[in-house]
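Visitor: I am attaching a structure below and will ask some questions about it afterwards.
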Amino acid sequence: MSEPWMIAGAWLATGLTIALFSFLYKDNPFFKIAEHLYLGAGMGWLFQVSVFSVWGPKIWTPISNGDLMVLVPSILGLSLMTQFIPKISWISRYGFTFLMGYGAGLAIPASLATDFMNQIMGTLQPLAGVSSMTPLAIVNSLIVAVGLVCVLFYFFFSVEHQGHFKKVSNIGVYFLMIYFGASFGNTVMARFSLLYGRFDDLYTFSGGNYFYATQIILAGMVVYFIVHELLRKKEASEGEAAQ
Amino acid sequence: MKLIKKTIPLAIVFTVGVLTLLSYYVPHKVAVDFVETVSKWENIVMAFAFMLGLISLFRTHYGKITRQVPGWGYSIFVFIGFLAMVVPAIVTKGRTMEAGSITALGWSYRHIYNALAGTMFAVLAFYIVSTAYRSFRIKSAQAFVLFVAAFILILGKVPLGQLIWDKVLGWTGYTVSQVIGWIMAVPAVAGKRGIMIGIAIGAVVTSFKIIFGIEKQYLGRD
Amino acid sequence: MKETLQKFFKIDRRWIFLLLTLALFIPVMKPLGLPNKSIAQETERVYKAIDALPPGSFLMLSLDYDPSTKPELHPMATALVRHAFKKNLRVGVVTYVSGSTGLIEEIFSKVSKEYNKVDGVDYVVFPYMPNVVAALTQMASNMYGIYTVDRNGRDVSTMPVLNGIKNYKNMAMVVCVTGTGIMDSWVALVGDKFNVPVAGGVTAISQPGYGPYLQTGQLKGLLGGMKGAAEYEVLLGQPGKGTSGIDALNLGNLLVLVLILTSNIILLVVKFL
Numbered sequence: 004m005s006e007p008w009m010i011a012g013a014w015l016a017t018g019l020t021i022a023l024f025s026f027l028y029k030d031n032p033f034f035k036i037a038e039h040l041y042l043g044a045g046m047g048w049l050f051q052v053s054v055f056s057v058w059g060p061k062i063w064t065p066i067s068n069g070d071l072m073v074l075v076p077s078i079l080g081l082s083l084m085t086q087f088i089p090k091i092s093w094i095s096r097y098g099f100t101f102l103m104g105y106g107a108g109l110a111i112p113a114s115l116a117t118d119f120m121n122q123i124m125g126t127l128q129p130l131a132g133v134s135s136m137t138p139l140a141i142v143n144s145l146i147v148a149v150g151l152v153c154v155l156f157y158f159f160f161s162v163e164h165q166g167h168f169k170k171v172s173n174i175g176v177y178f179l180m181i182y183f184g185a186s187f188g189n190t191v192m193a194r195f196s197l198l199y200g201r202f203d204d205l206y207t208f209s210g211g212n213y214f215y216a217t218q219i220i221l222a223g224m225v226v227y228f229i230v231h232e233l234l235r236k237k238e239a240s241e242g243e244a245a246q
Numbered sequence: 174m175k176l177i178k179k180t181i182p183l184a185i186v187f188t189v190g191v192l193t194l195l196s197y198y199v200p201h202k203v204a205v206d207f208v209e210t211v212s213k214w215e216n217i218v219m220a221f222a223f224m225l226g227l228i229s230l231f232r233t234h235y236g237k238i239t240r241q242v243p244g245w246g247y248s249i250f251v252f253i254g255f256l257a258m259v260v261p262a263i264v265t266k267g268r269t270m271e272a273g274s275i276t277a278l279g280w281s282y283r284h285i286y287n288a289l290a291g292t293m294f295a296v297l298a299f300y301i302v303s304t305a306y307r308s309f310r311i312k313s314a315q316a317f318v319l320f321v322a323a324f325i326l327i328l329g330k331v332p333l334g335q336l337i338w339d340k341v342l343g344w345t346g347y348t349v350s351q352v353i354g355w356i357m358a359v360p361a362v363a364g365k366r367g368i369m370i371g372i373a374i375g376a377v378v379t380s381f382k383i384i385f386g387i388e389k390q391y392l393g394r395d
Numbered sequence: 023m024k025e026t027l028q029k030f031f032k033i034d035r036r037w038i039f040l041l042l043t044l045a046l047f048i049p050v051m052k053p054l055g056l057p058n059k060s061i062a063q064e065t066e067r068v069y070k071a072i073d074a075l076p077p078g079s080f081l082m083l084s085l086d087y088d089p090s091t092k093p094e095l096h097p098m099a100t101a102l103v104r105h106a107f108k109k110n111l112r113v114g115v116v117t118y119v120s121g122s123t124g125l126i127e128e129i130f131s132k133v134s135k136e137y138n139k140v141d142g143v144d145y146v147v148f149p150y151m152p153n154v155v156a157a158l159t160q161m162a163s164n165m166y167g168i169y170t171v172d173r174n175g176r177d178v179s180t181m182p183v184l185n186g187i188k189n190y191k192n193m194a195m196v197v198c199v200t201g202t203g204i205m206d207s208w209v210a211l212v213g214d215k216f217n218v219p220v221a222g223g224v225t226a227i228s229q230p231g232y233g234p235y236l237q238t239g240q241l242k243g244l245l246g247g248m249k250g251a252a253e254y255e256v257l258l259g260q261p262g263k264g265t266s267g268i269d270a271l272n273l274g275n276l277l278v279l280v281l282i283l284t285s286n287i288i289l290l291v292v293k294f295l
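Protein sequences, first through last, are from chains A, B and C.
Going by this note's numbering, 58 is the number at position 55 of the first sequence; the sequence numbering is gapless.
Going by this note's numbering, 340 is the number at position 167 of the second sequence; the sequence numbering is gapless.
Going by this note's numbering, 193 is the number at position 171 of the third sequence; the sequence numbering is gapless.
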């Protein structure tokens, strides 16, 4: 695309970014417009990708080549839409039960092997090779094993936690807290990374080659808020005077 | 009527569920062929599922426009946003790049969708900071442990934090990266693994309930 | 005194927003020059695993992230593709997140030129598929059952890049870069079941959750968040957005710590006043 289009794009992206950020100061029409655009654009993107990547090559092409078997899942898929027509919404059950049956059928072996058996093995296996491990590795393996038992105690024992039970499940809570703390620390970092990404773009678009899009749009937004505030104050004082 | 409204759908979930489950363990050609077909179908059925969201979004906002509820004007932008992606997609046949150059669809993606989606989530950074300031209270031993883990992670993930650690705690002989490595590989593993096993058991039980028709809330009401 | 301190709690949160803006925007304008130096073991494991693959091996990349996690994951994916091309590996790309298609295109339009790689000969980008579980299950026996054409509608069966590649048995490794739970499916349905080495790149948020898979070896390595991306760039010797990003986060991270500590110290003082 030509240079003017890219500059126009930069202005649009900057405008939309600043409009969404402007909510941090105060709710305003620019934010609402950008928010609604986001909903539509997200759906539009998903729609076009589905049409060109799935509906076309996976449904339309086979049907035009005479492979009518794909009509079965297509009809099952379309049956989901009857959800919106209460009288015949039961038809959607055909699509949903197919999806649920398949999902459940695969979830059972996958969860059992990956998140259950392998995790128990992963906890016990290091303890089997103690003779070839360093003292630190042994301690670490024991911490994982003891910690896991305590966490499971906290989760599963439906008896009221008292006495020794309480102590064990309490230790489990501490392990959970370390995990949650690590997650919180990383979440902060992740959110900042996303913000950095937007700031980086805003900085790029603040250059002379983009005709100072960031500065001008930001200034425009500030002017809007000032004018809006002044008008609001004026209206308020007029209202008071009228009373 | 009960037969086609309830019995057959429940028979579908049972049959598909049991056969998919069995085929995971049976490497026979029949099982492989079955899974191949069902997977192909599953993929296609799923390709329609997002339409539920799309129709629901359109209905809500179309309703707002026709009823002219307060703020209905904003709803028009939902449709503008949708068309801003779909119209260029039709023109470019869904391609964002053509001969090394960006297409109209690529332009819309980069300057509208990318900017909006990126910023929507970036805004959360501000809220996490203000919430941390206002609500992160170290009032108990458990909260203190959570704080210490979070503190080390936040500090040690950036070079400046690593420098500060080396200056203040360098005498311990451990770098902050080593401590983070240990937290992630030892106590956090125990915590997460407990959650993982719990979820796995829950998933297996729920899946069996779905297959045997005990859990059928997703069918909706009669 | 007590009231003055308590006022600090009731401070308009927009002041905090402004502080964070300054802490993050200033380093964007003027980098501090404190790039990442430490390398996490998990990152090194991914690097070494890819580095050890003989030229011509088939590396499957599952790039499942959209613009909402782009700053963390895009640099990772870019570095991984660079590494694969540098090692002359064949690269296949699949995706199960619709929003990622535009970003994948961005990577390959840029990086393929850097290494003179040709679409269809050295790499192939498959189209988006809506159901990851179904696609992964299908690919176990014959990937052409689900992927007949590439993202531009070209027949893949005759592409040189896919010569001799039919299913997981022919793939040297899988790396999934995602901001979703899609990597769990790769681990469960591909890594565990077919013994294909699976490694990943995830957002910092989900990084701690993969500790158990790393410990058991179900995951061969993991890049976590912006730091993971920066680490990989260091290993590759090609600084990019991950490196500049981690530099920019220095002040922001410290600001959070200062704020949490300040509020708790104030609370403590108020309690004793």
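Glycine included, C-beta positions come from ideal geometry on N, C-alpha and C.
From a predicted model like this one, the values you see are computed outputs, not experimental measurements.
Apart from the five residues on each side of it in sequence, which residues of its chain come closer than 7 Å, Cβ to Cβ, to S25 of chain A?
Guide: The sequence position of residue 25 of chain A within the first sequence is 22, counting from 1. For S25 of chain A, where only same-chain residues beyond five positions count, the Cβ hits under 7 Å are N31, F33, F34, M224.
Visitor: What residues of chain B sit near Q63 of chain C, judged by a beta carbon separation below 9 Å?
Guide: As a first step, residue 63 of chain C is located in the third sequence; it is residue number 41 there, counting from the start. Think of a sphere of 9 Å around the beta carbon of Q63 of chain C: the chain B residues whose beta carbon falls inside it are G354, A358, in chain order.
Visitor: Does DSSP put T137 of chain A in a helix, in a strand, or in coil?
Guide: Against the first sequence, residue 137 of chain A aligns to sequence position 134. Annotated three-state conformation of T137 of chain A is coil, per DSSP.
Visitor: List, in order along the chain, the chain A residues whose C-beta lies closer than 8 Å to that of R67 of chain C?
Guide: Translated into the one-based positions of the third sequence, residue 67 of chain C becomes position 45. Simply none; closest approach about 16 Å.
Visitor: Ends of the alpha helix (DSSP H) at F33 of chain A?
Guide: Residue numbering aside, residue 33 of chain A sits at position 30 when the first sequence is read from its first letter. Judged by DSSP secondary structure, F33 of chain A falls within the alpha helix (DSSP H) whose first and last residues are 32-52.
Visitor: Would you call R283 of chain B buried or exposed, if buried means 16 or more other Cβ atoms sit within 10 Å of its Cβ?
Guide: Stepping through the second sequence from its first residue, residue 283 of chain B is reached at position 110. Taking a 10 Å sphere around the C-beta of R283 of chain B, we find 16 or more other C-beta atoms and assign the residue as buried.
Visitor: Please classify L71 of chain A as buried or exposed, where buried requires at least 16 other C-beta atoms within 10 Å of its C-beta.
Guide: For the purposes of this step, residue 71 of chain A is identified with residue 68 of the first sequence, where counting begins at 1. Around the beta carbon of L71 of chain A, fewer than 16 other beta carbons lie within 10 angstroms, which makes this residue exposed.
Visitor: Taking the CB atoms as reference points, tell me whether G190 of chain B and I374 of chain B lie closer together than 9 Å.
Guide: Your numbering for residue 190 of chain B matches position 17 in the second sequence. Your numbering for residue 374 of chain B matches position 201 in the second sequence. Against a cut-off of 9 Å, the Cβ pair of I374 of chain B and G190 of chain B comes out as no contact.
Visitor: Could you tell me which uninterrupted beta strand (DSSP E) segments, each at least 3 residues in length, are contained entirely in the segment 65-141 of chain A, listed from first to last along the chain?
Guide: Runs found: none.
Visitor: Could you name the residues of the segment 275-291 of chain C whose beta carbon sits closer than 8 Å to any beta carbon of chain A, in the order they occur along the chain?
Guide: N275, V278
Visitor: With respect to the beta strand (DSSP E) encompassing M51 of chain C, which residues constitute its N-terminal and C-terminal limits?
Guide: By 1-based counting over the third sequence, the position of residue 51 of chain C is 29. Taken as a continuous stretch (DSSP letters only), M51 of chain C belongs to no beta strand (DSSP E), being part of the alpha helix (DSSP H) at 35-51.
Visitor: What residues are listed by DSSP as bridge partners for V103 of chain C?
Guide: Along the third sequence, one-based indexing puts residue 103 of chain C at 81. Partner(s): none; V103 of chain C has no beta bridge.
Visitor: If distances are taken between C-alpha atoms only, which option among B:D339, B:N287, B:F317 comes closest to A13 of chain A?
Guide: Residue numbering aside, residue 13 of chain A sits at position 10 when the first sequence is read from its first letter. Measuring from the Cα of A13 of chain A, the nearest candidate turns out to be B:N287.
Visitor: Where DSSP assigns a beta bridge to L125 of chain C, which residues make up the other side?
Guide: In the third sequence, the residue the question calls residue 125 of chain C occupies position 103. Answer by DSSP bridge pairing: none, since L125 of chain C is not bridged.
Visitor: Assign F26 of chain A to one of three DSSP states: helix, strand, or coil.
Guide: On the first sequence, residue 26 of chain A is found 23 positions in, with the first residue counted as 1. Helix at F26 of chain A.
Visitor: Looking only at DSSP bridge pairs, what is V171 of chain C linked to?
Guide: Position 149 of the third sequence, counted from the first residue, corresponds to residue 171 of chain C. Paired residue(s): C:D177.
Visitor: For F187 of chain B, which of A:V142, A:F101, A:L19, A:A245 has the nearest alpha-carbon?
Guide: In the second sequence, the residue the question calls residue 187 of chain B occupies position 14. It is A:F101.
Visitor: Are at least three pairs of beta-carbons, each pair with one atom in the segment 52-61 of chain A and one in the segment 213-222 of chain B, less than 8 Å apart?
Guide: yes
Visitor: Using a Cβ-Cβ distance under 9 Å, would R413 of chain B count as near chain A?
Guide: Here chain B covers residues 174 to 395 and nothing more, so residue 413 of chain B does not appear.
Visitor: Per DSSP, what kind of secondary structure is V220 of chain C in: helix, strand or coil?
Guide: In the third sequence, counting from the first residue as 1, residue 220 of chain C sits at position 198. V220 of chain C: strand per DSSP, three-state reduction.
Visitor: Have a look at the DSSP bridge pairing and note the partners of M195 of chain C.
Guide: The residue you call residue 195 of chain C lines up with position 173 of the third sequence. For M195 of chain C, which the question treats as bridged, DSSP gives the partners C:L81.
Visitor: Residues in its own chain within less than 6 Å of V103 of chain C by CB, not counting five upstream and five downstream?
Guide: Within the third sequence, numbered from 1, the residue matching residue 103 of chain C stands at position 81. Taken in chain order, the residues that qualify are I129, V133.
Visitor: Identify every residue that forms a DSSP beta bridge with E271 of chain B.
Guide: Start at 1 with the first residue of the second sequence, and residue 271 of chain B comes out as number 98. In the DSSP output, where bridge partners are listed per residue, E271 of chain B has B:S274.
Visitor: By the DSSP assignment, the alpha helix (DSSP H) with R235 of chain A in it spans what residues?
Guide: Along the first sequence, read from residue 1 onward, the residue named residue 235 of chain A stands at position 232. Segment 216-245, the alpha helix (DSSP H) holding R235 of chain A.
Visitor: Do you know whose CA, among C:Y166, C:V197, C:V224, lies nearest A106 of chain C's CA?
Guide: The residue labelled residue 106 of chain C in the question sits at position 84 within the third sequence. The shortest C-alpha separation from A106 of chain C is found at C:V197.
Visitor: Given a threshold of 16 other Cβ atoms within 10 Å of its Cβ, counted over all protein chains shown, does W37 of chain C qualify as buried or as exposed?
Guide: Locating residue 37 of chain C in the third sequence gives position 15, counting from the first residue. Burial call: exposed.
Visitor: So who's on the other strand from R201 of chain A, going by DSSP bridges?
Guide: Counting from 1 along the first sequence, the entry for residue 201 of chain A is found at position 198. In the DSSP output, where bridge partners are listed per residue, R201 of chain A has none listed.
Visitor: So G233 of chain C is in the alpha helix (DSSP H); what residue range does that whole segment cover?
Guide: What you label residue 233 of chain C is simply residue 211 of the third sequence in a count that begins at 1. From DSSP, the alpha helix (DSSP H) with G233 of chain C extends over 233-238.
Visitor: Excluding the 5 residues flanking D204 of chain A on each side, which residues of the same chain have their C-beta closer than 6 Å to its C-beta?
Guide: Locating residue 204 of chain A in the first sequence gives position 201, counting from the first residue. The answer is none, since no qualifying residue turns up.
Visitor: Could you work out which residues of chain B lie near M151 of chain C, taking near to mean beta carbons separated by less than 7 Å?
Guide: Within the third sequence, the letter at position 129 stands for residue 151 of chain C. By Cβ distance, chain B contributes N216.
Visitor: Give the C-beta separation of A226 of chain C and A193 of chain A to the nearest angstrom, bearing in mind that I take them to be a contact with Cβ-Cβ under 8 Å.
Guide: As a position in the third sequence, residue 226 of chain C is number 204, starting the count at 1. As a position in the first sequence, residue 193 of chain A is number 190, starting the count at 1. Between A193 of chain A and A226 of chain C the Cβ distance is about 4 Å, and since that is below 8 Å, they are a contact.
Visitor: Is V280 of chain C helix, strand or coil by DSSP?
Guide: What you label residue 280 of chain C is simply residue 258 of the third sequence in a count that begins at 1. Note: V280 of chain C maps to helix in three-state DSSP.
Visitor: According to DSSP, simplified to helix, strand and coil, what is D86 of chain C?
Guide: Start at 1 with the first residue of the third sequence, and residue 86 of chain C comes out as number 64. It is a strand residue.
Visitor: For the alpha helix (DSSP H) containing V183 of chain C, name the first residue and the last one.
Guide: Numbered from 1 along the third sequence, position 161 holds the residue referred to as residue 183 of chain C. From DSSP, V183 of chain C is part of no alpha helix (DSSP H); its letter is neither H nor E.
Visitor: Taking C-beta to C-beta, are Q86 of chain A and G236 of chain B nearer than 9 Å?
Guide: If you number the first sequence from 1, residue 86 of chain A lands on position 83. If you number the second sequence from 1, residue 236 of chain B lands on position 63. Against a cut-off of 9 Å, the Cβ pair of G236 of chain B and Q86 of chain A comes out as no contact.
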